[in-house]
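Student: Dropping the structure in here first, questions after.
There are 2 protein chains.
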Amino acid sequence: MSSFNTDDFIKDSVRKLKAYQVNEVDAHKKALKLDANESNYILGKNIKKKYADYIKNTLINLYPDPNSKNLLKSIEKFYGISSKNFIFGNGSDELISIILLSLNKSVTVNIPAPSFSMYEIIAKYNDLNAKIIRLNDENFDLPANIESVVDKNTKNLYFFSYPNNPTGNHFDRKIIYGLLENKNNLVVVDEAYIFFSGEKSFLNELTKYENLIVLKTFSKIGLAGLRFGLLFSGDKLINEFKKIKLPYNINSLTLSSIEFFLKNFDEFEKNIKKTVKQRKVLYEKLSVLPFIKVYRSDANFLLIKLNDEKNKIKFDNFLNGNNIIIRNFTGGMEIYYRITVGTAKENKKLVDYFIEFSKNL
Amino acid sequence: MSSFNTDDFIKDSVRKLKAYQVNEVDAHKKALKLDANESNYILGKNIKKKYADYIKNTLINLYPDPNSKNLLKSIEKFYGISSKNFIFGNGSDELISIILLSLNKSVTVNIPAPSFSMYEIIAKYNDLNAKIIRLNDENFDLPANIESVVDKNTKNLYFFSYPNNPTGNHFDRKIIYGLLENKNNLVVVDEAYIFFSGEKSFLNELTKYENLIVLKTFSKIGLAGLRFGLLFSGDKLINEFKKIKLPYNINSLTLSSIEFFLKNFDEFEKNIKKTVKQRKVLYEKLSVLPFIKVYRSDANFLLIKLNDEKNKIKFDNFLNGNNIIIRNFTGGMEIYYRITVGTAKENKKLVDYFIEFSKNL
Numbered sequence: 005m006s007s008f009n010t011d012d013f014i015k016d017s018v019r020k021l022k023a024y025q026v027n028e029v030d031a032h033k034k035a036l037k038l039d040a041n042e043s044n045y046i047l048g049k050n051i052k053k054k055y056a057d058y059i060k061n062t063l064i065n066l067y068p069d070p071n072s073k074n075l076l077k078s079i080e081k082f083y084g085i086s087s088k089n090f091i092f093g094n095g096s097d098e099l100i101s102i103i104l105l106s107l108n109k110s111v112t113v114n115i116p117a118p119s120f121s122m123y124e125i126i127a128k129y130n131d132l133n134a135k136i137i138r139l140n141d142e143n144f145d146l147p148a149n150i151e152s153v154v155d156k157n158t159k160n161l162y163f164f165s166y167p168n169n170p171t172g173n174h175f176d177r178k179i180i181y182g183l184l185e186n187k188n189n190l191v192v193v194d195e196a197y198i199f200f201s202g203e204k205s206f207l208n209e210l211t212k213y214e215n216l217i218v219l220k221t222f223s224k225i226g227l228a229g230l231r232f233g234l235l236f237s238g239d240k241l242i243n244e245f246k247k248i249k250l251p252y253n254i255n256s257l258t259l260s261s262i263e264f265f266l267k268n269f270d271e272f273e274k275n276i277k278k279t280v281k282q283r284k285v286l287y288e289k290l291s292v293l294p295f296i297k298v299y300r301s302d303a304n305f306l307l308i309k310l311n312d313e314k315n316k317i318k319f320d321n322f323l324n325g326n327n328i329i330i331r332n333f334t335g336g337m338e339i340y341y342r343i344t345v346g347t348a349k350e351n352k353k354l355v356d357y358f359i360e361f362s363k364n365l
Numbered sequence: 005m006s007s008f009n010t011d012d013f014i015k016d017s018v019r020k021l022k023a024y025q026v027n028e029v030d031a032h033k034k035a036l037k038l039d040a041n042e043s044n045y046i047l048g049k050n051i052k053k054k055y056a057d058y059i060k061n062t063l064i065n066l067y068p069d070p071n072s073k074n075l076l077k078s079i080e081k082f083y084g085i086s087s088k089n090f091i092f093g094n095g096s097d098e099l100i101s102i103i104l105l106s107l108n109k110s111v112t113v114n115i116p117a118p119s120f121s122m123y124e125i126i127a128k129y130n131d132l133n134a135k136i137i138r139l140n141d142e143n144f145d146l147p148a149n150i151e152s153v154v155d156k157n158t159k160n161l162y163f164f165s166y167p168n169n170p171t172g173n174h175f176d177r178k179i180i181y182g183l184l185e186n187k188n189n190l191v192v193v194d195e196a197y198i199f200f201s202g203e204k205s206f207l208n209e210l211t212k213y214e215n216l217i218v219l220k221t222f223s224k225i226g227l228a229g230l231r232f233g234l235l236f237s238g239d240k241l242i243n244e245f246k247k248i249k250l251p252y253n254i255n256s257l258t259l260s261s262i263e264f265f266l267k268n269f270d271e272f273e274k275n276i277k278k279t280v281k282q283r284k285v286l287y288e289k290l291s292v293l294p295f296i297k298v299y300r301s302d303a304n305f306l307l308i309k310l311n312d313e314k315n316k317i318k319f320d321n322f323l324n325g326n327n328i329i330i331r332n333f334t335g336g337m338e339i340y341y342r343i344t345v346g347t348a349k350e351n352k353k354l355v356d357y358f359i360e361f362s363k364n365l
C-alpha cells in the first residue's frame, strides 16, 4: 500500500503535543530523590507485615469490585460523604481526564500558572480552550478580581490546586467562594496536598454548591504507587461522570490496599506530622542561603528561586553531579526548583549540599 | 445562586448515555460465577507464596516506574516486539479510550455487532460516528465484501475482537488483511482471547502494516484484577498514543505482578490448556441439550441461544434462583447467553443444572 498518513486519523491537538516526560530515576540507587512529592517514609515493620498478609488474599483472577461494601463504607466514614457522591480514579490524572472529556467544547478551562501541568495538557488534547491565569509574581496569589480577567461570554471551569503545586501557597478562599456563587462557573478544587496544610477541605461545601468538584488522592502521603484518587461532587455532576468512568478503572490490589490503609491511617498521620515539622526545618535552613529565595509552603514541598539566573548552569551541573534530583521547570520557570520535603536525614543531606554549593559560588 | 444547569457544561453525548452497570456479585459467596470471562483457576500454593514475597517489596510510596528496564525487557521477550512499539493500559478499556480520544472527528468507527460493548460506548462519548457492522446471523462472520457496507467517503477505523466476544469465533483473516491493504483504514485487532484460540497473533504483521493496532491483555488468563493491557503499533501511531497516555497509568503493584508472572508463565500456560480442554467438554455436554443452541468457540466462553424465546423468563428465573451467574445481553440479543468456561467442577455443576432445567421444561 502507499504510505500511511497519521494526519488522516490523528487529530491536530494530539499531533501538536509533546509526550510528557517521566524522570527516569532508579529508586533503588542512592540518589537524593526529592522531585516528585512522594513520601519517603517507609512503612513500619509491623504494619508492613500486616499489609502483606492482607493483600496476598486479593482475588487477582477476578475483575475488581468497585462496589465493595467494606471499601465504600470506609471511605464514607473517612470523608463523611455518601458513596453516591464520589467516584474512584486511577490517580487524580484520570479524574482530571474524566472531567475534561465530559465538557462541552464551548466551556473555557481556566488554569492558574504556575500550577499542575496536567490540567493544561489534558485540556489541550480534549480540544478545549485553555486560558492561563497568571499568578501574582510576588506571592502567587490569584488576581483578586478574577472574573475580570476571564471570558465572561462563555461558561468557565476553573482548576485550583489547593494548596497550589508547585508554589505551595493556598489561594484566597473568598475568591473561590465568589466563583462558586456564579452558576456559570464550574470549580474544581484539587486537594492533593491538603493533608499538609491544616486548611479546611472544600468537601464541606459540596451540599451548598452544585458546581463544585473536589479531588483527593493518597499519592502524596505515602501511596503514590497505588494510583488512587477520588472525585467528589453533587448528584447532578457525579451522575454524568459515572457514565464515562471506565467500569474497572481501579485494580484489585489497589482496592485491597486502600481498604487496609484506611483502617491503619495512624501510620500516615504520624508521617504527615513529621513532614510538616521537617518542612519548617528545611525552610529555615534553606532561607538563610544567599543564592536562593525560598517560598513559604503549606504542602510537602518547597519552591525555591535562584537569586541570580547566571548561577543556573552551575547549579544544574552541581545537582546532576551529586545525583540530587529535584524538580526544575520550563516555560519561564527555569530558575525555579521544587524540592520535596524528605526525611530529616535527607533534608540534612540536601542542606549540606546546598551550603557546599553556596560556598563555591 | 440560581440552580446550576449541567447542560451548560456537560456535552450531549455524555448526557445521553447510561452508566455501564457492573454486575454486583459477591465473589466470596458460593455462586456459580461464569459471567465475566475470568479464569477461575487459583494459583498454586508454591507460586502464590513466591508471588506474595515478590510484591511485598514494591515501593508503593513512590510513583510507578513505567520505564522499568526489567519489565520492558520481559515484555519485549514475551511478545518479540521492541518496547518502543508498545504502551501499557489500565486494562484494554483504557487503550480503547486512548485510540478513540486521539481520532479526528471525521473518522468513522466501524464496530461489528455483536461484539465487545465498550467499543461503541467509548466511541459515542468521544463524539465519533460509530457504524455497526451486523455479523452474519448463522455463524457471526463478517460480510465478505466488507468495504461495500461501510462509508467510503471517510477514513475508517475498525475494531475486531479476535476471537470475537461474545460469539467466540474468529473472523476471516483475509478480510482483515484486505482492509489493512487500504491506507484509508485503521484496523484494531483486539486479541484479548487469543490465548485460547491457537490462532496466530497479528503482532507478526506490525512491521508490514503501519495502519494496524494490536491490543493484548492478561485479564482472561487469570489476572483480571490487575488491569493490565498492552497496545502495539508501528512507530508513527505509537508516538501519537504516547502523548495522551497518562504518565503513571499503571500502578506499582500491577507492574511488579506482571514482572513476576512473566517469569512464571508456565502456571498460566497450564491453566489455558485446561480451559481449552474444558471448553470442548462443556461444548459437548451442552450441545446435546434440546432447549439451547451452542456455538463453537475459540475463546474461554461459549455462546448459547435459547431455541424458544418463550423459555426466557423461566430460564432467567432458574438462573437467579440457583445463583448461577452467566452473561445475558440486551439489544436484540435477549435469548443469547455467554458462559465462561469454568473449572471441571464448575462446568459439571452447570451442566447438571441445565439438565435439570431441561427436564422440567
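Residue numbers (the numbering used here), protein chains in the order written: chain A, 5 to 365; chain B, 5 to 365.
For each residue, glycine too, the CB sits at the ideal point set by N, CA and C.
1. Is there a Cβ from chain A that is less than 9 Å from the Cβ of B/Y123?
2. Could you tell me whether the Cβ atoms of B/G229 and A/Y67 are closer together than 9 Å?
3. Indicate the three-state DSSP secondary structure (helix, strand or coil) for B/A117 in the structure shown.
4. Report yes or no: is there a C-beta of chain B within less than 9 Å of the C-beta of A/E80?
5. Leaving out five residues before and five after B/K374 in sequence, what residues of the same chain have Cβ atoms less than 8 Å from its Cβ?
6. Determine which residues share a DSSP beta bridge with B/F82 and list them.
7. Can you pull the chain A neighbours of B/V111, defined as C-beta to C-beta under 7 Å?
8. Mapping DSSP to helix, strand and coil, what is B/R177?
9. For B/D270, decide whether its Cβ has a neighbour in chain A, counting only Cβ atoms nearer than 9 Å.
10. Going by the beta-carbon positions, is the gap between B/F200 and B/Y299 smaller than 9 Å?
11. State the start and end residues of the unbroken beta strand (DSSP E) segment that holds B/D194.
12. In the stretch 80-107 of chain B, which residues sit with their C-beta less than 8 Å from some C-beta in chain A, listed in chain order?
13. In the DSSP assignment, what are the bridge partners of A/S165?
14. Runs of 3 residues minimum, wholly inside the stretch 213-283 of chain B: which ones carry the beta strand (DSSP E) assignment?
15. Am I right that B/V113 and B/L161 are in contact with their C-beta atoms under 8 Å? What's the rounded C-beta distance?
16. Can you grab the Cα-Cα spacing for the pair B/V345 / B/L354, in whole Å?
17. Rounded to whole angstroms, how far is the Cβ of A/S78 from the Cβ of A/L266, which I believe are closer than 8 Å?
18. Which whole-angstrom value describes the C-beta separation of B/F269 and B/Y58, a residue pair presumed to lie in contact below a C-beta threshold of 8 Å?
19. Closer than 9 Å, Cβ to any Cβ of chain B: which residues of the stretch 234-248 of chain A, in chain order?
20. Would B/K15 and A/K247 be called neighbours here (beta carbons separated by less than 9 Å)?
21. For A/I3 versus A/I242, is the C-beta spacing smaller than 9 Å?
22. Keeping to the same chain, check which residues put their C-beta closer than 7 Å to that of A/S291; ignore five residues upstream and five downstream.
23. Output, in sequence order along the chain, the residues in the stretch 58-75 of chain A whose CB is closer than 8 Å to any CB in chain B.
24. For the stretch 129-142 of chain A, which residues have a CB atom closer than 7 Å to at least one CB atom of chain B, in sequence order?
25. Taking only the alpha-carbon atoms, compute the straight-line gap between A/K183 and A/S121 and give it to the nearest angstrom.
26. Between the beta-carbon of B/I254 and the beta-carbon of B/P70, is there less than 9 Å?
27. Contact check, B/K159 vs B/N130 under 8 Å by CB: the rounded distance?
28. According to DSSP, what are the bridge partners of A/A56?
29. State the start and end residues of the unbroken beta strand (DSSP E) segment that holds B/G93.
30. How long is the line joining the alpha carbons of B/N94 and A/G95, rounded to whole angstroms?
31. Among A/G226, A/Y197, A/Y181, whose alpha-carbon lies nearest the alpha-carbon of A/G172?
32. In this structure, how does DSSP classify A/V298 when only helix, strand and coil are distinguished?
33. Name the chain A residues whose beta carbon is nearer than 7 Å to that of B/Y24?
34. Measuring straight from C-alpha to C-alpha, what distance separates A/I45 and A/V285?
35. Excluding the 5 residues flanking A/E80 on each side, which residues of the same chain have their C-beta closer than 8 Å to its C-beta?
36. Please report the residue range of the alpha helix (DSSP H) in which B/Y340 lies.
Tutor: Walking through what the data contain:
1. What you label residue 123 of chain B is simply residue 119 of the second sequence in a count that begins at 1. Output row for B/Y123: interface = no.
2. The count along the second sequence starts at 1 and reaches residue 229 of chain B at position 225. The count along the first sequence starts at 1 and reaches residue 67 of chain A at position 63. Going by C-beta atoms, B/G229 is nearer than 9 Å to A/Y67.
3. Locating residue 117 of chain B in the second sequence gives position 113, where the first residue counts as 1. Strand.
4. Residue 80 of chain A sits at position 76 when you count from the first residue of the first sequence. Answer no: the Cβ-Cβ gap between A/E80 and chain B never drops below 9 Å.
5. Chain B is shown from 5 up to 365; residue 374 of chain B falls before or after that span and cannot be answered.
6. Walking along the second sequence from the start, residue 82 of chain B turns up at place 78. None; B/F82 has no bridge partner.
7. Here the question's residue 111 of chain B lines up with position 107 in the second sequence. Neighbours of B/V111 on chain A, chain order: F13.
8. Taking the second sequence and counting its residues from 1, one reaches residue 177 of chain B at position 173. B/R177 falls in the helix class under three-state DSSP.
9. Within the second sequence, residue 270 of chain B is the residue found at index 266, counting from 1. Closer than 9 Å: no.
10. Along the second sequence, one-based indexing puts residue 200 of chain B at 196. Along the second sequence, one-based indexing puts residue 299 of chain B at 295. Against a cut-off of 9 Å, the Cβ pair of B/Y299 and B/F200 comes out as no contact.
11. Position 190 of the second sequence holds residue 194 of chain B. Counting along the chain, the beta strand (DSSP E) containing B/D194 begins and ends at 189-194.
12. N94, G95, D97, E98, S101, L105, S106, L107
13. As a position in the first sequence, residue 165 of chain A is number 161, starting the count at 1. DSSP output for A/S165 lists A/D194 as bridge partner(s).
14. 216-221, 233-237
15. Taking the second sequence and counting its residues from 1, the one referred to as residue 113 of chain B is at position 109. Taking the second sequence and counting its residues from 1, the one referred to as residue 161 of chain B is at position 157. Confirmed, Cβ separation roughly 5 Å.
16. What you label residue 345 of chain B is simply residue 341 of the second sequence in a count that begins at 1. What you label residue 354 of chain B is simply residue 350 of the second sequence in a count that begins at 1. Those two C-alpha atoms are separated by around 10 Å.
17. Within the first sequence, residue 78 of chain A is the residue found at index 74, counting from 1. Within the first sequence, residue 266 of chain A is the residue found at index 262, counting from 1. Sure, about 4 Å apart at Cβ, within 8 Å.
18. For this step, residue 269 of chain B is matched to residue 265 along the second sequence. For this step, residue 58 of chain B is matched to residue 54 along the second sequence. Wrong, their Cβ atoms sit about 14 Å apart, outside the cutoff.
19. G238, K240, L241, N243, E244, F245, K246, K247, I248
20. One-based indexing of the second sequence puts residue 15 of chain B at position 11. One-based indexing of the first sequence puts residue 247 of chain A at position 243. No, the pair does not count as a contact, with Cβ atoms beyond the cut-off.
21. Within the shown structure, residues of chain A are numbered from 5 to 365, placing residue 3 of chain A beyond reach of any answer.
22. For the purposes of this step, residue 291 of chain A is taken as residue 287 along the first sequence, with counting starting at 1. Cβ within range, chain order: V298.
23. I59, K60, T62, L63, I64, N65, L66, Y67, P68, D69, P70, N71
24. Y129
25. Within the first sequence, numbered from 1, the residue matching residue 183 of chain A stands at position 179. Within the first sequence, numbered from 1, the residue matching residue 121 of chain A stands at position 117. Sequence check: residue 183 of chain A is Leu here, not Lys. C-alpha separation (whole angstroms): 22 Å.
26. The residue given as residue 254 of chain B occupies position 250 in the second sequence. The residue given as residue 70 of chain B occupies position 66 in the second sequence. Their beta carbons are under 9 Å apart, which means B/I254 touches B/P70 by this criterion.
27. For this step, residue 159 of chain B is matched to residue 155 along the second sequence. For this step, residue 130 of chain B is matched to residue 126 along the second sequence. 15 Å between Cβ atoms; not a contact.
28. On the first sequence, residue 56 of chain A is found 52 positions in, with the first residue counted as 1. Answer is none; A/A56 lacks a bridge partner.
29. For the purposes of this step, residue 93 of chain B is identified with residue 89 of the second sequence, where counting begins at 1. Per DSSP, B/G93 belongs to the beta strand (DSSP E) from 90-93.
30. Your numbering for residue 94 of chain B matches position 90 in the second sequence. Your numbering for residue 95 of chain A matches position 91 in the first sequence. The alpha-carbon atoms of B/N94 and A/G95 are separated by roughly 12 Å.
31. Residue numbering aside, residue 172 of chain A sits at position 168 when the first sequence is read from its first letter. Nearest option by C-alpha distance: A/Y197.
32. Looking up residue 298 of chain A in the first sequence gives position 294. Reduced to three states, the DSSP call for A/V298 is strand.
33. Translated into positions along the second sequence, residue 24 of chain B becomes position 20. P251, listed in chain order.
34. Reading the first sequence from its first residue, position 41 is the one you call residue 45 of chain A. Reading the first sequence from its first residue, position 281 is the one you call residue 285 of chain A. Note on residue identity: the sequence assigns Tyr, not Ile, to residue 45 of chain A. Spanning the two alpha carbons is a distance of roughly 17 Å.
35. Counting from one through the first sequence, the residue named residue 80 of chain A turns up at place 76. If we look at A/E80 and ignore the five residues flanking it on each side, its Cβ neighbours are S86, S87.
36. For the purposes of this step, residue 340 of chain B is identified with residue 336 of the second sequence, where counting begins at 1. Premise fails: B/Y340 lies in the beta strand (DSSP E), 340-344, not in any alpha helix (DSSP H).
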